[in-house]
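J.: Residue numbers (UniProt numbering): 1 to 416. Backbone N, C-alpha and C define an ideal beta-carbon position, used for all residues, glycine too. On a predicted model such as this, the values are computed, not experimentally measured, just so you know. Could you have a look at this structure, given as structure tokens, before my questions?
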């Protein structure tokens, strides 16, 4: 407390003092410029005027210094008063709490004496008073339990909110860095394309077309791999999604990750769907890709379809140049046994696949960047069940302890 009085915190800035300083500086400069326009014949007047201006500037500086000193003294006094008020408030609250506890203790003693007197004169009335006292205690606990529970939940939510704020700030830094890297790579890619255009000015005919076709194929392939990585990355709760046999990145390295075309047979009933979600299409520059396989559906029962498979055709209908809506319509119309032509492209290996990506917050807390958030409703339901169980156990234990304490007080009074 003493440190707070000796070293007050910084108060609000004196805006009006800053404005006065700016006005004075501007007027001083304007006056100095006016004096500079006086003829040299009146040098004595200029010298005397500049001396007066110097004295005026010194007086204003002293005035500003005194004002700042007064402000600091007032701030120290305010801080000292706040500290004293805080101490008085703490003392008054502690005294109030002690008086409440003492009042409760005295009330219990009065009730115990009352019960002792009635036990000698009217035993039945003593039992009635005990039951009434126990009922009042239960009612009192039922009244104070909800506010106490709310206070506990508020404290937990505040701690959780602070933790999530730190996580969001760390994620914002990660996203900002990733966006900068993406912008840099976009500009670098544009520069490389311009270089290729300049170098390919002399190419004509088939050689020029072959070069651009190769570049477009590379771009589409990497776009295809990026979409597959997004589909297989963090959408599923599984750590690693299954892949077709012999279709991992090492096995398909020579083919640049492109696997062989596979034929898949799938049986679909009239009352159910295919059990897959698709993405991509001609308008997006990627083929029709399986982004998700739903459980207990024909696609999962088939066992030969995987997330990341590109659907080339279904029952002889080519989907390589189909748009997304067209592919959805064609796949939805198929019934019975479906013959699919699919191909799997293994995405390139990435450092994020080796393990968890740990990010450190400003407070030193480490968390996994890709760790899914827990279900808040399930967490609160579990917490509520645990609190109800704990409160019921503590209520019964407190009920027995109150009876034991009351009996002990009666025995003590009888001994006296």
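With distances taken Cα to Cα, identify the nearest neighbour of residue 228 among 147, 308, 342, 173.
T.: Position 228 of the chain shown, counted from the start, is the residue given in the question as residue 228. For residue 228, the nearest C-alpha among the options comes from 308.
J.: Per the DSSP calculation, residue 318 is bridged to which residue(s)?
T.: To locate residue 318, count along the chain shown from 1; it is residue 318. Its beta-bridge partners are 313.
J.: Just reading off the alpha helix (DSSP H) that residue 325 is part of, what are its end residues?
T.: In the chain shown, the residue the question calls residue 325 occupies position 325. Run containing residue 325: 324 to 333, per the alpha helix (DSSP H) assignment.
J.: For residue 243, count neighbouring C-beta atoms within 10 Å of its own C-beta (all shown protein chains included) and say buried if the count is 16 or more, exposed if not.
T.: As a working note, residue 243 is residue 243 in the chain shown. Buried.
J.: Suppose the cutoff is 6 Å on Cβ atoms and the five residues either side in sequence are ignored; what does the same chain contact list for residue 111 look like?
T.: The count along the chain shown starts at 1 and reaches residue 111 at position 111. Within the same chain, residue 111 has close Cβ partners 133.
J.: For residue 310, collect the residues of the same chain with a Cβ closer than 6 Å to its Cβ; drop the 5 residues on either side in sequence, then sort them by chain order.
T.: As a position in the chain shown, residue 310 is number 310, starting the count at 1. Cβ neighbours of residue 310 beyond the five flanking positions: 287, 289, 343.
J.: With DSSP as the reference, please indicate the residues paired to residue 344 in a beta bridge.
T.: Counted from its first residue, the chain shown places residue 344 at position 344. In the DSSP output, where bridge partners are listed per residue, residue 344 has 309.
J.: Grouping DSSP H, G and I as helix and E and B as strand, with all else coil, what is residue 296?
T.: As a first step, residue 296 is located in the chain shown; it is residue number 296 there, counting from the start. Correct three-state label for residue 296: coil.
J.: Looking only at its chain, what residues have a beta carbon closer than 7 Å to the beta carbon of residue 211, apart from the 5 residues adjacent to it on each side?
T.: The count along the chain shown starts at 1 and reaches residue 211 at position 211. Cβ within range, chain order: 200, 203.
J.: List the DSSP bridge partners of residue 262.
T.: As a first step, residue 262 is located in the chain shown; it is residue number 262 there, counting from the start. Paired residue(s): 342.
J.: Indicate the three-state DSSP secondary structure (helix, strand or coil) for residue 242 in the structure shown.
T.: Against the chain shown, residue 242 aligns to sequence position 242. Looking at residue 242 - three-state DSSP - the assignment turns out to be coil, as it is neither helix nor strand.
J.: Going by CA-CA distance only, name the one from 260, 222, 296, 226 that's closest to residue 274.
T.: Locating residue 274 in the chain shown gives position 274, where the first residue counts as 1. Of 260, 222, 296, 226, the residue nearest in Cα terms is 296.
J.: On the DSSP letters alone, give me the boundaries of the alpha helix (DSSP H) that residue 36 sits inside.
T.: What you label residue 36 is simply residue 36 of the chain shown in a count that begins at 1. Its alpha helix (DSSP H) spans residues 15 to 36.
J.: Can you give me the C-alpha to C-alpha distance between residue 391 and residue 165, rounded to a whole angstrom?
T.: Reading the chain shown from its first residue, position 391 is the one you call residue 391. Reading the chain shown from its first residue, position 165 is the one you call residue 165. The predicted position of residue 391 is uncertain, since its pLDDT is 48 and thus under 50; no value can be drawn from it.
J.: On the DSSP bridge list, what partners appear for residue 148?
T.: Stepping through the chain shown from its first residue, residue 148 is reached at position 148. Beta-bridge pairing links residue 148 to no other residue.
J.: Could you tell me whether the Cβ atoms of residue 477 and residue 293 are closer together than 8 Å?
T.: Any question about residue 477 goes unanswered here, given that the chain covers just 1 to 416.
J.: Between residue 117 and residue 91, what straight-line distance do the alpha-carbon atoms span, to the nearest angstrom?
T.: As a working mapping, residue 117 is identified with position 117 in the chain shown. As a working mapping, residue 91 is identified with position 91 in the chain shown. If I take the Cα positions, the gap works out to 38 Å.
J.: Opposite residue 420 in the DSSP bridges: which residues?
T.: Examination of residue 420 is not possible in this model, given that the chain is present from 1 through 416 alone.
J.: What does DSSP give as the partner residues of residue 267 in its beta bridges?
T.: For the purposes of this step, residue 267 is taken as the residue at position 267 of the chain shown. Answer is 337.
J.: Do residue 215 and residue 264 have their C-beta atoms closer together than 8 Å?
T.: The count along the chain shown starts at 1 and reaches residue 215 at position 215. The count along the chain shown starts at 1 and reaches residue 264 at position 264. Not a contact, by the Cβ cut-off of 8 Å.
J.: Near residue 130, which residues of its chain fall below 7 Å by C-beta distance, leaving aside the five closest residues on each side in sequence?
T.: Walking along the chain shown from the start, residue 130 turns up at place 130. Closer than 7 Å at the Cβ level, and outside the excluded window around residue 130, lie 115.
J.: Assuming residue 170 and residue 361 are in contact, meaning their beta carbons sit under 8 Å apart, how far apart are those beta carbons, in whole angstroms?
T.: One-based indexing of the chain shown puts residue 170 at position 170. One-based indexing of the chain shown puts residue 361 at position 361. Right, the Cβ-Cβ distance comes to about 5 Å (below 8 Å), so this counts as a contact.
J.: Within 10 angstroms of the Cβ of residue 281, are there 16 or more other Cβ atoms? Answer buried if so, exposed if not.
T.: What you label residue 281 is simply residue 281 of the chain shown in a count that begins at 1. Classification for residue 281: buried.
J.: Quick check on residue 200: does DSSP put it in helix, strand or coil?
T.: Numbered from 1 along the chain shown, position 200 holds the residue referred to as residue 200. Reduced to three states, the DSSP call for residue 200 is coil.
J.: Considering Cα atoms alone, identify which of 318, 58, 15, 96 is closest to residue 71.
T.: Taking the chain shown and counting its residues from 1, one reaches residue 71 at position 71. Ranking the options by Cα distance to residue 71, first place goes to 15.
J.: Assign residue 44 to one of three DSSP states: helix, strand, or coil.
T.: The sequence position of residue 44 within the chain shown is 44, counting from 1. Note: residue 44 maps to helix in three-state DSSP.
J.: Is residue 274 helix, strand or coil when you go by DSSP?
T.: For this step, residue 274 is matched to residue 274 along the chain shown. Here residue 274 sits in coil by DSSP.
J.: Could you say which of 21, 223, 160 lies nearest to residue 63 if we only look at CA atoms?
T.: For this step, residue 63 is matched to residue 63 along the chain shown. Comparing Cα-Cα distances from residue 63 to each of 21, 223, 160, the minimum goes to 21.
J.: Is residue 57 near residue 28, with beta carbons less than 8 Å apart?
T.: Translated into the one-based positions of the chain shown, residue 57 becomes position 57. Translated into the one-based positions of the chain shown, residue 28 becomes position 28. Cβ distance < 8 Å, so residue 57 and residue 28 count as in contact.
J.: Assuming the contact rule is C-beta atoms closer than 8 Å, residue 24 and residue 47 should be a hit. Round their C-beta distance to whole Å, please.
T.: As a first step, residue 24 is located in the chain shown; it is residue number 24 there, counting from the start. As a first step, residue 47 is located in the chain shown; it is residue number 47 there, counting from the start. Not confirmed; about 22 Å, so no contact.
J.: Can you tell which of 54, 268, 85 has its C-alpha closest to the C-alpha of residue 337?
T.: Counting from one through the chain shown, the residue named residue 337 turns up at place 337. Checking every option, the nearest Cα to that of residue 337 belongs to 268.
J.: In chain order, what residues of the same chain lie with their CB nearer than 7 Å to the CB of residue 317, ignoring the 5 residues before and after it?
T.: Start at 1 with the first residue of the chain shown, and residue 317 comes out as number 317. 330.
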